[in-house]
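**Student:** Chains A, B and C are the protein sequences, given in the same order.
Under the working numbering, the residue at position 79 of the first sequence is numbered 94, and the numbers go up by one with no gaps.
Under the working numbering, the residue at position 294 of the second sequence is numbered 290, and the numbers go up by one with no gaps.
Under the working numbering, the residue at position 81 of the third sequence is numbered 921, and the numbers go up by one with no gaps.
Glycine included, every Cβ here is placed at the ideal spot set by N, Cα and C.
Quick caveat, the model's predicted, so the values are computed rather than measured.
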Amino acid sequence: MVQFSQEQLTEFNRLVSRYPEGKQKSALLPVLHLAQQSFGGWLSQETLDYVAELLKIKPIEVYEVATFYSMYNLKPVGKYLFEVCQTGPCMIKGSDDIVAYIYEKLGIKPGETTADGLFTLKTVECLGACGYAPMMQLGKHYREHLTKEKVDAIIEECRKNAAANN
Amino acid sequence: MSEQPLFKVTIDNITIEVPAGTTILNAARKIGGEVAPPAMCYYSKLEGSGGKCRTCLVEVSKGSEKDPRPMPKLVASCRTTVMDGMEVKNITSEKVIDARNGVVEFLLINHPLDCPVCDQAGECHLQDLSYNHGKEGTRFEFQKRVFKKHDLGPYIQLHMTRCILCYRCVFTADQLTGKREHGVLDRGDHAEIATFIEKSLENEFIGNVIDVCPVGALTDKTFRFKNRVWFLKPMDAHRDCPTCSGKVTLWNRGDEVYRVTARKDQWGEVEDWICNTCRFEKKNTSDWVIEGPRLIDRHSVIAQGHYAGSVGMHKPTETFEAVHNGRKPKLLMDIHSVSNVNRPEITLSKLDRPAHSSDFKPNQD
Amino acid sequence: MGVKLLLDKAHIEGIRSFEVYRREGGYKAVEKALKEMNPESIVEEVKKSGLRGRGGAGFPAGMKWSFIAKPEGIPRHLVCNADESEPGTFKDRYLMEHIPHLLIEGLIISSFALGSNDTYIYIRGEYAWIPDILEQAIEEAKANGFLGKNILGTGFDCNIHVQRGAGAYICGEETALIESLEGKRGNPRIKPPFPAIQGLWQRPTVVNNVETLSAVVPIINIGGEEYAKIGIGRSTGTKLISACGNINKPGVYEIDMTISVEEFIYSDEYCGGIANGKKLKACIPGGSSVPVLPANLLLKTAKGEPRLMNYESLADGGFATGSSMGSGGFIVLDEDQCIVKHTYTLARFYRHESCGQCSPCREGTGWMEKILKKIDEGQGKMSDIDLLWDIQRKIEGNTICPLGDAAAWPVAAAIRHFRDEFEWHIQHPEEAQKRNYGLAHYADPIHVPA
Chain A
16 MVQFSQEQLT
26 EFNRLVSRYP
36 EGKQKSALLP
46 VLHLAQQSFG
56 GWLSQETLDY
66 VAELLKIKPI
76 EVYEVATFYS
86 MYNLKPVGKY
96 LFEVCQTGPC
106 MIKGSDDIVA
116 YIYEKLGIKP
126 GETTADGLFT
136 LKTVECLGAC
146 GYAPMMQLGK
156 HYREHLTKEK
166 VDAIIEECRK
176 NAAANN
Chain B
-3 MSEQPLFKVT
7 IDNITIEVPA
17 GTTILNAARK
27 IGGEVAPPAM
37 CYYSKLEGSG
47 GKCRTCLVEV
57 SKGSEKDPRP
67 MPKLVASCRT
77 TVMDGMEVKN
87 ITSEKVIDAR
97 NGVVEFLLIN
107 HPLDCPVCDQ
117 AGECHLQDLS
127 YNHGKEGTRF
137 EFQKRVFKKH
147 DLGPYIQLHM
157 TRCILCYRCV
167 FTADQLTGKR
177 EHGVLDRGDH
187 AEIATFIEKS
197 LENEFIGNVI
207 DVCPVGALTD
217 KTFRFKNRVW
227 FLKPMDAHRD
237 CPTCSGKVTL
247 WNRGDEVYRV
257 TARKDQWGEV
267 EDWICNTCRF
277 EKKNTSDWVI
287 EGPRLIDRHS
297 VIAQGHYAGS
307 VGMHKPTETF
317 EAVHNGRKPK
327 LLMDIHSVSN
337 VNRPEITLSK
347 LDRPAHSSDF
357 KPNQD
Chain C
841 MGVKLLLDKA
851 HIEGIRSFEV
861 YRREGGYKAV
871 EKALKEMNPE
881 SIVEEVKKSG
891 LRGRGGAGFP
901 AGMKWSFIAK
911 PEGIPRHLVC
921 NADESEPGTF
931 KDRYLMEHIP
941 HLLIEGLIIS
951 SFALGSNDTY
961 IYIRGEYAWI
971 PDILEQAIEE
981 AKANGFLGKN
991 ILGTGFDCNI
1001 HVQRGAGAYI
1011 CGEETALIES
1021 LEGKRGNPRI
1031 KPPFPAIQGL
1041 WQRPTVVNNV
1051 ETLSAVVPII
1061 NIGGEEYAKI
1071 GIGRSTGTKL
1081 ISACGNINKP
1091 GVYEIDMTIS
1101 VEEFIYSDEY
1111 CGGIANGKKL
1121 KACIPGGSSV
1131 PVLPANLLLK
1141 TAKGEPRLMN
1151 YESLADGGFA
1161 TGSSMGSGGF
1171 IVLDEDQCIV
1181 KHTYTLARFY
1191 RHESCGQCSP
1201 CREGTGWMEK
1211 ILKKIDEGQG
1221 KMSDIDLLWD
1231 IQRKIEGNTI
1241 CPLGDAAAWP
1251 VAAAIRHFRD
1261 EFEWHIQHPE
1271 EAQKRNYGLA
1281 HYADPIHVPA
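1) Kindly indicate which residue of A/T25, A/E79, A/F19 and A/V17 has the alpha-carbon position closest to the one of B/Y163.
2) Closer than 7 Å by beta-carbon distance: list the chain A residues that pair up with B/R183, in chain order.
3) Would you kindly report the start and end of the unbroken alpha helix (DSSP H) that includes A/V80?
4) Run the CB neighbour count on B/K131, radius 10 Å, all protein chains shown included, and call it buried at 16 or more, exposed below.
5) I need the straight-line Cα distance from C/C1111 to C/F1104, nearest angstrom please.
6) Rounded to the nearest angstrom, what separates C/I949 and C/A873 at their Cα positions?
7) Along the beta strand (DSSP E) that carries A/P125, what are the first and last residues, could you check?
8) Which residues, in order along the stretch 155 to 186 of chain B, keep a beta-carbon less than 8 Å from a beta-carbon of chain A?
9) Alpha carbon to alpha carbon, what distance is there between B/T273 and B/L246?
10) Relative to the alpha-carbon of B/D80, which residue among B/R141, B/N321, B/E13 and B/V113 has its alpha-carbon at the smallest distance?
11) Who are the Cβ neighbours of C/Y861 in its own chain at under 6 Å, not counting the five residues just before and after it?
12) So which residues of chain A does C/T929 contact, with C-beta pairs closer than 7 Å?
13) Given a limit of 8 Å on CB to CB distance, which residues of the stretch 32 to 49 of chain B reach chain C?
14) Quick one: does C/H1192 have its CB under 9 Å from some CB of chain B?
15) Anyone know if the C-beta pair for A/K137 and A/F97 falls short of 9 Å?
16) Compute the distance between the beta-carbons of B/L148 and B/L181, then report whether it is under 9 Å.
17) Look up C/Y934 in the DSSP assignment and say whether it is helix, strand or coil.
18) Check whether the Cβ of B/I202 lies closer than 9 Å to any Cβ atom in chain A.
19) Hey, is the stretch 1171 to 1186 of chain C in contact with the stretch 1213 to 1220 of chain C, meaning 3+ C-beta pairs nearer than 8 Å?
20) If you check the beta carbons only, do C/N1086 and C/L918 fall under 9 Å apart?
21) Hey, how far is the Cα of C/I1211 from the Cα of C/T1205?
22) Cutting at 7 Å between CB atoms, please list the residues of its own chain near A/Y34, excluding the five before and the five after it.
23) With DSSP run on the structure shown, which of helix, strand or coil describes C/L1053?
24) Check whether the stretch 101 to 113 of chain A touches the stretch 1083 to 1099 of chain C, taking contact to mean three or more Cβ pairs, one atom from each stretch, closer than 8 Å.
25) Leaving out five residues on either side along the sequence, give the residues of the same chain with a beta carbon under 7 Å from the beta carbon of C/I1124.
26) Looking at A/Y95 and A/A177, is the spacing between their C-beta atoms short of 9 Å?
27) Kindly indicate which three-state DSSP category B/C120 falls into: helix, strand or coil?
28) Please look up how many angstroms separate the CB atoms of A/G93 and A/T62, rounded, as I've assumed it's under 8 Å.
29) If you draw a straight line from the C-alpha of B/M67 to the C-alpha of B/R75, how long is it?
30) Shorter than 9 Å from the beta carbon of A/E79 to some beta carbon of chain B?
31) Short of 7 Å Cβ to Cβ, which residues in the stretch 58 to 70 of chain B face chain C?
32) So who's on the other strand from B/M82, going by DSSP bridges?
33) Kindly indicate if chain A contains any beta-carbon less than 9 Å away from that of C/I1211.
34) At the level of alpha carbons, what is the spacing between B/V56 and C/G1244?
35) Under 8 Å: do the stretch 259 to 275 of chain B and the stretch 234 to 245 of chain B share three or more Cβ pairs, one atom per stretch?
36) Count the other CB atoms within 10 Å of the CB of C/S881; is the residue buried (16 or more) or exposed (fewer)?
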């Protein structure tokens, strides 16, 4: 069953407390981020219903929001999500090559996950790092000025982290 | 009640006075006829509706008496209130007609155009709109958008490909049922009406989403493929309903009730919301007290005179010629000029046998 | 070296911390504003400064502030728009990452001027690490009496909250941002009513960009009149430009708006010239939605005068021969870049980011993307160019919010200035897959005969 831990509930309460009495729905976006982070990097229907219950709103209000914003994953994703920007400024700096190289290395195309469940590749639209292109988002942070060598290093780093955490 | 000041507004050269706070669209509806802009998403009985479809765009050529500057862009007449001395151009503005043609084209590029198998055909606002503003042929050369099918239960049939995302059904569920279970999911050109989880919509008033839907996206499952609306005879009827007003329109063929809808006014808007029991469960003439034939006064296929006389067709005010200095509306084509079948001089009823192609041969002499 | 008002201290070590920021003269503007001034005089000062909104629209900030309704007993809110998402733009990120206290200081003063006791920063969700930086700055400011209850003993209470978005360009539009802040889909509202009357939770609200609010600090410090002396005409003060693309030194630069475009691109102080010794082909000077200009029209106006990096000069000639300052996202394309493909990625971006509420944008953006993709892949027809032109024309001005215009303009400008490249693409589909159209006639600044 989906349930926030005590610590996560404290964070939930902090998020809700930012808004006036009765406007707790305003916390929906941050709470969905918290839920996604807490429950395996994606939002299941059960999770969405749980968030609706916590915020005392209708489930459909949560579904509408969760499907609108591109950062919420409504299907399971790999442990490491490579979100490669492909908009104009990144494109002219070679983002297509980065996507192709990731395919060469990991055998995954945009939208796909490696068989071991470690990596998911996603192409995204402008992330606001145009001066540091090509780039991708990995977790909370950006990886910028990407080259094939850097992609190699990132994949290596992820594999090491995954091994260490197992 | 406090006195509402009256504002003078001129729409397509016709001036009327309306209370402050009236929208351009409602002012134009007061004048009536073609001066009233088409509205695919606005619904006067649904709070918050309007502004989205952009079919009702008009040109404000004079802002007001105080500030006569024209508005820089076309505005959505359903969401813009009149000012005193405002001058508006609707069908007299080339810009408006051009933009409206564009909007209609946008609404149609991904529309399946499956009118021949659509239950809404004949009373579809998109059909009317395309008839008035659409062009022959399409410039869209790509595959049309498709959606995954969703089942909304035993009463309501959803055809997402026909949807124009007017949001009326969302407002209806919010404002009538208080317990909305469907909504607009996803975004952009993939936004869709859905429940997210397969769910049947069963609230006692949810059937009204069928009546507010301007297209064939939400239709009555109990009437599905049963008949074409123009073959049916609309009759006003009522019953003593514990849930709703019980005032409905029955759509009959002979004595058989094919479907039950709310009564709609000349703008196609529901007069009284009705409950699911009245709509879906009461399909016997004996369930109802028949009041008499329903006047249908919209420019659509069902109003094309099939039951003129017996039912009586109430024609809307014609303003086109008045505002265009006597110019007649342009027809897409004059049927008499292209088809011998419709040549008025041939009186088919005088033949004592079925008509044959030789009967239509032009005179040889 | 030009005047710097925002980034002058950004490189000082430790400037992210309250201690260093304060030591360097930080929060003096708050002291001045809250103790020596009143809300009306602050608004007056901002009006005098001529500060224009730095998010893209360039609307005078002081005037926007003066529109806020003040009904008795209803709270008002200031909302900081940190949803920086316009392709080519990454200046607000730089400010927040490097000198967060400047924004916090600007927010305190502006909140005081507008009477906002609860102020919100709405930051794009992908900038996931920046809320931590901002929240730390807020905590520090609170610990030192600059936020919270009874700030500096003046009786003014103010809290600043940071909320992350979740991936939606449209939330940079102020009413979509407000909807999102209320926990809803980012559908722009139909105006009127404007946020200044009914904004966040139906309360009077002002939404301003990060850079705009940060600029309030130097305006209070040096005074509106002094601020207005910097720059030219109605382009007062300094502007952050985020430069990217095929240049030697991509990054964020603070300019006073007197320098020429040529200087900005070629001088070592700024972009450092075109990378790899290539030639300049085209540039989008104000974020992806403003018109792209070929090199000749970029460096000189149609009148043959040098084009300057300010609101008026970049817009000189209207959209026929000019562009716009926009958000300051400066995208430079060299001779190897394909305008068709670049325009296609932008069209894809706008289709992806359309909220889907109104028909012209929902349907038109996808249609344009499909046609551009087809042309890019060598399947185009000559009539597609006119069709694209007609589609963008029918989107522009007919949508609920400016996203429709933002989607239409790049396509319009690409066709207007690079029609020959589109035609070449269509007529030489195989060759176009192998090589680039190159510079054509855009290389030399136009010479206007005397």
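**Tutor:** Taking the coordinates as given:
1) A/E79
2) F83
3) P74 to F83
4) exposed
5) 6 Å
6) 6 Å
7) That residue, A/P125, is in no beta strand (DSSP E); it is neither H nor E in DSSP.
8) K175, R176, E177, H178, G179, V180, L181, D182 and R183
9) 14 Å
10) B/E13
11) I855 and H941
12) G143
13) G46, G47, K48 and C49
14) yes
15) yes
16) no
17) helix
18) no
19) yes
20) no
21) 10 Å
22) S41 and A42
23) helix
24) yes
25) G928, V1130, V1132 and I1171
26) yes
27) coil
28) Going by Cβ atoms, the distance from A/G93 to A/T62 rounds to 18 Å, so no, they are not a contact pair.
29) 14 Å
30) yes
31) K69 and L70
32) B/V5
33) no
34) 20 Å
35) yes
36) exposed
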